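*Asks:* The listed protein sequences correspond, in order, to chains A and B.
So the first sequence is residues 178 to 403, counted in the numbering used here.
So the second sequence is residues 178 to 403, counted in the numbering used here.
Every residue, glycine too, gets a C-beta built ideally from N, C-alpha and C.
What you are looking at is a predicted structure, and each value in this text was computed from that prediction instead of being measured.
There are 2 protein chains.
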Amino acid sequence: MSDELKHHLQQHLLFARLTPAQLDRAAQRARLLKLDEGQPLFAQGDPADRFFYVVSGQIKLSRLSPEGNEKVIDIVSAGNTFAEALMFLEGPAYPVNATALVPSELVSIDSRDFAAMLRDSIDTCFLLMGDMSQRLRGLIAEIDNLSLQSGTCRVASYLLKMAPEDEDQFRLDIPKGVMASRLSVKPETFSRILRNLQDSGILSIKGAQVTIHDRDALEDRAEGLT
Amino acid sequence: MSDELKHHLQQHLLFARLTPAQLDRAAQRARLLKLDEGQPLFAQGDPADRFFYVVSGQIKLSRLSPEGNEKVIDIVSAGNTFAEALMFLEGPAYPVNATALVPSELVSIDSRDFAAMLRDSIDTCFLLMGDMSQRLRGLIAEIDNLSLQSGTCRVASYLLKMAPEDEDQFRLDIPKGVMASRLSVKPETFSRILRNLQDSGILSIKGAQVTIHDRDALEDRAEGLT
DNA sequence: ACGCCACCTTGATATTCATCAAGCGGCATC
DNA sequence: GATGCCGCTTGATGAATATCAAGGTGGCGT
Numbered sequence: 178m179s180d181e182l183k184h185h186l187q188q189h190l191l192f193a194r195l196t197p198a199q200l201d202r203a204a205q206r207a208r209l210l211k212l213d214e215g216q217p218l219f220a221q222g223d224p225a226d227r228f229f230y231v232v233s234g235q236i237k238l239s240r241l242s243p244e245g246n247e248k249v250i251d252i253v254s255a256g257n258t259f260a261e262a263l264m265f266l267e268g269p270a271y272p273v274n275a276t277a278l279v280p281s282e283l284v285s286i287d288s289r290d291f292a293a294m295l296r297d298s299i300d301t302c303f304l305l306m307g308d309m310s311q312r313l314r315g316l317i318a319e320i321d322n323l324s325l326q327s328g329t330c331r332v333a334s335y336l337l338k339m340a341p342e343d344e345d346q347f348r349l350d351i352p353k354g355v356m357a358s359r360l361s362v363k364p365e366t367f368s369r370i371l372r373n374l375q376d377s378g379i380l381s382i383k384g385a386q387v388t389i390h391d392r393d394a395l396e397d398r399a400e401g402l403t
Numbered sequence: 178m179s180d181e182l183k184h185h186l187q188q189h190l191l192f193a194r195l196t197p198a199q200l201d202r203a204a205q206r207a208r209l210l211k212l213d214e215g216q217p218l219f220a221q222g223d224p225a226d227r228f229f230y231v232v233s234g235q236i237k238l239s240r241l242s243p244e245g246n247e248k249v250i251d252i253v254s255a256g257n258t259f260a261e262a263l264m265f266l267e268g269p270a271y272p273v274n275a276t277a278l279v280p281s282e283l284v285s286i287d288s289r290d291f292a293a294m295l296r297d298s299i300d301t302c303f304l305l306m307g308d309m310s311q312r313l314r315g316l317i318a319e320i321d322n323l324s325l326q327s328g329t330c331r332v333a334s335y336l337l338k339m340a341p342e343d344e345d346q347f348r349l350d351i352p353k354g355v356m357a358s359r360l361s362v363k364p365e366t367f368s369r370i371l372r373n374l375q376d377s378g379i380l381s382i383k384g385a386q387v388t389i390h391d392r393d394a395l396e397d398r399a400e401g402l403t
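(1) Counting only Cβ pairs nearer than 7 Å, list the residues of chain A close to E244 (chain B).
(2) Is there contact between the stretch 182–196 of chain B and the stretch 247–262 of chain B, where contact requires at least three CB pairs shorter than 8 Å?
(3) Provide the residue(s) that pair with K353 (chain A) in DSSP beta bridges, ordered along the chain.
(4) I need the straight-line Cα distance from I382 (chain B) to Q375 (chain B), nearest angstrom please.
(5) Using the beta-carbon of each residue, which ones in chain A are nearer than 9 Å to M294 (chain B)?
(6) Name the residue from B:R392, B:V273 and B:V387 whose alpha carbon lies nearest to the alpha carbon of R314 (chain A).
(7) Check whether the Cβ of Q311 (chain B) lies closer than 8 Å to any Cβ atom in chain A.
(8) Which of the residues in the stretch 338–372 of chain A, read from start to end, lie with their CB under 9 Å from any CB of chain B?
(9) Between S285 (chain A) and S233 (chain A), how many whole angstroms is the CB-CB distance? I'm expecting something under 8 Å.
(10) Please identify the residue among B:P224, B:A203 and B:I236 whose C-alpha is closest to the C-alpha of E214 (chain B).
(11) What residue from A:M339, A:T276 and A:F228 has the CA that sits closest to D290 (chain A)'s CA?
(12) I'd like to know whether the C-beta atoms of H390 (chain A) and L380 (chain A) end up nearer to each other than 8 Å.
(13) Just how far apart, CA to CA, sit S358 (chain B) and A318 (chain A)?
(14) Is it right to say P243 (chain B) is buried, meaning 16 or more other beta carbons lie within 10 angstroms of its own, or is it exposed?
(15) Work out the CA separation of A207 (chain A) and D350 (chain B) for me, nearest whole Å.
(16) Just the chain B side, please: which residues come within less than 7 Å of D321 (chain A) by C-beta, in chain order?
(17) With S324 (chain A) and K248 (chain B) assumed to form a contact (beta carbons below 8 Å), what rounded beta-carbon distance in angstroms separates them?
(18) Does the pairing of the stretch 329–336 of chain A with the stretch 335–347 of chain B give three or more beta-carbon distances under 8 Å?
(19) Measure the beta-carbon distance from S288 (chain A) to D226 (chain A) and round it to whole angstroms, keeping in mind my assumption that it falls under 8 Å.
(20) Here's the rule: buried if 16 or more other CB atoms are within 10 angstroms of the residue's CB, otherwise exposed. What is E267 (chain A)?
(21) Please list the terminal residues of the continuous alpha helix (DSSP H) segment that includes S310 (chain A).
(22) Give the DSSP bridge partners of R202 (chain A), in chain order.
(23) Just how far apart, CA to CA, sit A270 (chain B) and S377 (chain A)?
(24) Just to confirm my understanding: we take A204 (chain A), look at its own chain, exclude 5 residues before and 5 after, and list those with CB closer than 7 Å. What are they?
(25) What residues are listed by DSSP as bridge partners for Y335 (chain B)?
(26) Counting contacts by CB-CB distance shorter than 8 Å, is A262 (chain B) in contact with chain A?
(27) Whose C-beta lies closer than 6 Å to the C-beta of P217 (chain A) among residues of the same chain, with five residues either side of it excluded?
(28) Starting from the C-beta of M356 (chain B), find all residues in its chain whose C-beta is less than 6 Å away, skip the five residues before and the five after it, and write them out in chain order.
(29) Can you tell me where the alpha helix (DSSP H) with T366 (chain B) in it begins and where it stops?
(30) Mind listing the chain B neighbours of I379 (chain A)? Cutoff is C-beta to C-beta under 7 Å, in chain order.
(31) How many Å lie between T329 (chain B) and L371 (chain B) at the Cα?
(32) So what's R240 (chain A) in DSSP terms, helix, strand or just coil?
(33) Cβ closer than 8 Å: which chain B residues qualify as neighbours of I317 (chain A)?
(34) Is there at least one Cβ from chain A nearer than 8 Å to S324 (chain B)'s Cβ?
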């Protein structure tokens, strides 16, 4: 049982530099959990004493406005961790809601315990700092996107990011409504933007199936050149 | 000379847990620099091999869109560091522009050197991780603000954050145009929002001098209750 | 004190996007 | 196969904010 956990954890960079003894200890304190589709993991404001590694599935991180509007901050997919940066705060509370988009398996790790172990693994500290650094860069890019770019730009660049390099055809792996919120547009607007891109002959969409016809034009849209 | 630098650095948490020898070494490799009003420090995309501590003045961090629009990400004031999180990235490039808003003094520190020193000061690692953690939380709050709140909300909460707890009168310490960009509204819109708040009797503004008449009402606006 | 310049304000208009309301279509259930 | 639900789409309208275009206004140097 603990072996299965170890096996999972070893997949992730954060655990790569631990000694076997440390990994054992981490695995002993870790728990495997399964979530159904739509099942919440934690809510914004809950005390944050654990962080998570996604073995399989997709976890939606979102925030709720007082009026009840939801903004999806990110979708975490298999092989990634989340909430690990909270380990270092004083009275840590999760700043977001976490919900499974599809049936998912997670490993949950005790933050305090892991932090204690970090003191004996400076290499892991550095890995973790690199990780946080990238997240910071990502969030700054996100803010840039939100304040400097139109909805169309955001949709276009997201599609480009989703699309495999060498293949013009692919499937959207998350519901359009969720994707819309991720990009900070309403579902209606998202739909219209996609329609617009189709009418311009840049791509076509059938359900979740996307076919890009003119990648260059799509890149232009992503840059904001009408 | 190096003593002056040491004195400055000791003010900041990041250097609090270094041994005297480590602090000496950091100070030797550090440089003091002065910027005139409006003088750029680095540009978005420049190779990022140093980070900075603000001794006095204000540094504006901003991003530029392809069309030339500027979005102010943050204003760093005396006693704070910035760009330290880039230390852990591979081919680090500054993700923002940095410019002095007023004549400023900075200490610049060699990232690679400091990172090397970090290996011998796990305590400092933890301080740094706490620091990054807070920044992450701040950026998430920022994204929340941008996508879930109106311009008026953002202005109202910013004013509340600026205002001293116990005093209803204070001065805006940065130009309104810069503040507008910080809050992701155009200067015209910013001006109109302020006018609106004045017309509602919530506050009055004369130049940079702000007087809050009804703090409760301002808090309501900040929450989005019209 | 004068004039200049940068910053801010104000007004009129245009654009983007949200909201409201309705219809469509697939998919699961019965 | 009918029923109903949910997610998506489409249309019509409205609100928030940007843009364009003129004025203020204050600070600063001469």
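*Replies:* If we stick to the structure as given:
(1) G401
(2) yes
(3) DSSP lists no partner for K353 (chain A).
(4) 7 Å
(5) Neighbours of M294 (chain B) on chain A: none; closest Cβ ~12 Å, over 9 Å.
(6) B:V273
(7) yes
(8) S358 and S361
(9) Not really, about 14 Å apart at Cβ, beyond 8 Å.
(10) B:I236
(11) A:F228
(12) yes
(13) 16 Å
(14) exposed
(15) 49 Å
(16) R240 and K248
(17) 5 Å
(18) no
(19) 5 Å
(20) exposed
(21) I299 to L325
(22) Per DSSP, none; premise fails for R202 (chain A).
(23) 36 Å
(24) S179, L182, K183 and L186
(25) Answer by DSSP bridge pairing: none, since Y335 (chain B) is not bridged.
(26) yes
(27) T276
(28) none
(29) P364 to D376
(30) Ordered by position in chain B, no residue passes the 7 Å Cβ test against I379 (chain A), which lies about 19 Å from the chain.
(31) 9 Å
(32) strand
(33) R240, I250, P272, V273 and L316
(34) yes
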